[in-house]
Each structure stands twice: as structure tokens, then as C-alpha cells.
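The numbering of the sequence shown is our numbering, which starts it at 4 and goes up by one.
Glycine included, C-beta positions come from ideal geometry on N, C-alpha and C.
Notes to accompany the following structure.
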Amino acid sequence: MRWLAILFLFTFCALLLVEAAKYFCEDPLSAEKAAAARLMQEALRAVKDEKISKGIKIDPILDPNETGIIGVEYNDLTTTLGSLSSKRISTDPEFAAVVVDMLSQTGIQAGDVVLISFSGSFPALNIAALSAARVLRLQPVIISSIGASSYGANDPELTWLDMERVLSEKRIFPYRSAAASLGGITETKGGLDRTGISAALQAIRRNGIPILEEEGESTLRDDIQRRMTIYDKALTDRRPAAFISVGGPLTSLGNTPEALKLSSGLLKKVPVSRHPERGIIYLMGERKVPVIHLLQVRKIARVYGITADRFPALGLAPGKGQHQGRYSIPLALISLTALLLLTIIAGRGTMILKGRGRSGPV
4 MRWLAILFLF
14 TFCALLLVEA
24 AKYFCEDPLS
34 AEKAAAARLM
44 QEALRAVKDE
54 KISKGIKIDP
64 ILDPNETGII
74 GVEYNDLTTT
84 LGSLSSKRIS
94 TDPEFAAVVV
104 DMLSQTGIQA
114 GDVVLISFSG
124 SFPALNIAAL
134 SAARVLRLQP
144 VIISSIGASS
154 YGANDPELTW
164 LDMERVLSEK
174 RIFPYRSAAA
184 SLGGITETKG
194 GLDRTGISAA
204 LQAIRRNGIP
214 ILEEEGESTL
224 RDDIQRRMTI
234 YDKALTDRRP
244 AAFISVGGPL
254 TSLGNTPEAL
264 KLSSGLLKKV
274 PVSRHPERGI
284 IYLMGERKVP
294 VIHLLQVRKI
304 ARVYGITADR
314 FPALGLAPGK
324 GQHQGRYSIP
334 LALISLTALL
344 LLTIIAGRGT
354 MILKGRGRSG
364 PV
């Protein structure tokens, strides 16, 4: 028992020593991350200005930070229920730096092509992805859908495609969607008397984006294949550096049981699925294309130290962004070696004591 106590005490002290010796070094991508965060902040401000100019009220209860990018709970363009707290967290410009961090881990380089799937559910994350793409000088190929979950870009006068156009006209982003669909609204029928579908079609047409026909789950495999065809045509025999899926579009996830277990964040290797209705995420995984799956926003925020309802703090939290925490390797090796030696000594000491205990007069 005495040796066990000594081992425990030594291990505890060694851990404290290694942790105390941890030092922070400058993140080599700190400039890019800060630039992406600033660009996202500029884009959010432009969207807010557009919303005000259209006379669309910013609800101080739903959007206490007055970002202007939080929609209503439900209307004809709403496809599914959504989390208000997730939508609020997603407006933090630090998410642009998060996307830069994830893209950098794929080995991406300037000029590379990234394939992107947007919906109206998380317009702030769409902007985060575009901010990262511009700062890293990437070439995005974008397919969008109009439908949005609760509190997303569900205002008929300011859909995601309207935001995208405004940001292009203001020269914040030089990107536009290659095609756009109605999205999940085809399943919900777009509210009473199909008014939502009508509003979505008007939004696609007024923004001059080619319409991507779809009919929901009944034609899911065809819908997925049509998107893959658009991506492949834009690639012109080039290999995509990454696929970014924002939100949870059915075409990205597919209609598979595995999709419910899919992790969010950077997926360097996507789990294999043989389901006939597996989504684009799985198809990209089969092609060995890294996937950035921007869903489960609060989980991603926790990993990167982003606080809920905080706006805007451009510097990333210590150890997560501008500075990276590193441990002293020599000190860790010395501590480990000492622990192994102490364990061996303790083991031998225990054996000697047991041997003495068994010996005695015959």
C-alpha cells in the first residue's frame, strides 16, 4: 500500500509539473483566422444594413445582439424546427476562423476547389465558410437551397440567395451559387396553399440562379446525383480539396440510419455506408475527399471555446486559435521515464516483501 501511495503521489505531481510547464506559441494561421473573422463581421453588417433598408424588423427578443441574421420561428419558408441558441452562437465571427482551422487541417492550398452545400438554416455559417474561402483564396462551387429551419434565413424578402447576392454586389464575396433548390420545403409543402414554394421560387428567379428541380424523399437518389453532376462538371477533372456541408440538408446526409450518428466538424475519413440513399457526405468520403460537417453548432463552439450569445470577439480563445498550447516534450519524457523506473522498483520491492513473508522456521 505504501508503494501505491508513493506512485500515486508521484504521478499526480508529475502531471501538475507538465501542465505548469505548458507554453503557448503563435498560431501560424493567426493572421488568416483574424482576417476571416473580420470579413465575416463585415458581411454580417452588410446583411443587417440590407434588412433595415427593406424595412424588416429586427426582433430584440430573438436577436438581442441585433445581428440582423436571425429569422422568425415559423413561417411559410420554414422547413423544420431549429434551435434559437444554435442560431445565435453561429453569428459569432469566430466561426470563420474555425472554418479556416478545419480547412488548414486538410492540407488545402490557394487555388484549390472546395465544394459547398448551403441551405437557409444557418446563413451565418454560410458566411463563415465564404469568409474562410476568400481569405485562403479558394475556388468554391456552391449549391444552395432556399428552405430554412426555425430562426434561419426564412424571410421571403431576404432569403439566403438574397443575402448571397447582396454580399456579391458589395464585393465582399466574389461568389454566387451554381444552382439552387427549394430544399426541405418540398416535403413540408411550404405552408398553407403552397405559398412557401411560390415564395421560394420567386427568390431563386429574382436572384438569377438556375433552379435545381427536386421532389423530396421520393426522388432523393436523383436529387443527390444531380448535385454530384453539377459538382463534377465544375471540377473539370480537378480534385476537390474539401466538401463543406452547412446545416443538415437531406441531400448531404441522405436518408440513412448512419446519418444520425455522423460526427460534426472536420471528417478526414467518413464512415462507410452502403445504403442506396446515402448522401453527398458519404459519396465524398468514398472519393477520399475531406468533409467539413457544420452541424451540432453548440458542440463545435465548445471545442473552440466560443461562448454563447457573445458578439463580437475577434480573437480566438487562448489555446484554440491565435495561440496554441503545447507541452514540454523533454519534461514529459523525463516524467514518464521516472514513473516507469519507480514502478519497476515498487514491483521488485513488493516481491521481496512477499518473499520474506513466506519464509520462516521449518
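Thinking C-beta only, is residue j closer than 8 angstroms to residue i?
| i | j | result |
| --- | --- | --- |
| Ser248 | Leu297 | yes |
| Ile145 | Ser171 | no |
| Val50 | Ile64 | no |
| Asp79 | Ala202 | yes |
| Ala39 | Ala135 | yes |
| Ala113 | Arg137 | no |
| Gly155 | Lys90 | yes |
| Pro293 | Lys271 | yes |
| Ile227 | Ser120 | no |
| Ile212 | Leu164 | yes |
| Ser148 | Pro243 | no |
| Ile59 | Asp158 | yes |
| Thr94 | Leu47 | yes |
| Val169 | Glu69 | no |
| Ser33 | Thr81 | no |
| Ser267 | Lys302 | yes |
| Leu215 | Arg229 | yes |
| Glu289 | His278 | no |
| Ser122 | Ala99 | no |
| Glu29 | Tyr307 | no |
Nearest to residue i by alpha carbon, out of the options?
| i | options | result |
| --- | --- | --- |
| Asp115 | Gly257, Leu253, Ile303, Phe246 | Phe246 |
| Glu280 | Gly268, Ser86, Thr222 | Thr222 |
| Val101 | Ile309, Ser124, Pro126 | Ile309 |
| Lys57 | Ile295, Lys291, Arg208, Met166 | Met166 |
| Met105 | Arg174, Leu84, Gly150, Ala132 | Ala132 |
| Phe125 | Cys16, Gln299, Thr346, Ile233 | Gln299 |
| Glu45 | Phe176, Ala206, Asp66 | Phe176 |
Per the DSSP calculation, residue i is bridged to which residue(s)?
| i | result |
| --- | --- |
| Asp158 | Leu161 |
| Ser120 | Ile146, Ser248 |
| Thr81 | Ala151 |
| Ile214 | Ala183 |
How would you write the range of the alpha helix (DSSP H) that residue i sits in, first residue to last?
| i | result |
| --- | --- |
| Val101 | 97-107 |
| Ser266 | Note, Ser266: premise wrong, no alpha helix (DSSP H); not H, not E. |
| Thr232 | 223-238 |
| Arg209 | 198-209 |
| Ala132 | 126-138 |
In three-state DSSP terms, what is residue i?
| i | result |
| --- | --- |
| Glu280 | coil |
| Pro315 | Its pLDDT being 49, under 50, Pro315 is placed unreliably by the model, and nothing is read from it. |
| Gly257 | strand |
| Val306 | helix |
| Ser86 | coil |
| Leu12 | helix |
| Ile347 | helix |
| Pro63 | coil |
| Arg91 | helix |
| Val169 | helix |
| Val75 | coil |
| Glu69 | coil |
| Val300 | helix |
| Leu337 | The question names Leu, but residue 337 is Ile in the sequence shown. DSSP places Ile337 in helix when its eight states are reduced to three. |
| Ile111 | coil |
| Ile332 | helix |
| Pro321 | Low local confidence applies: a pLDDT of 37 at Pro321 is under 50, so the model's placement there is unreliable, with the coordinate-based value given in what follows. In the structure shown, Pro321 sits in coil (DSSP, three-state: anything other than H, G, I, E or B). |
| Tyr285 | helix |
Starting from residue i, follow the beta strand (DSSP E) in both directions and report where the run begins and ends.
| i | result |
| --- | --- |
| Ala183 | 182-184 |
| Gln142 | 142-148 |
| Val50 | No beta strand (DSSP E) contains Val50, which is instead part of the alpha helix (DSSP H) from 33-56. |
| Val294 | 294-297 |
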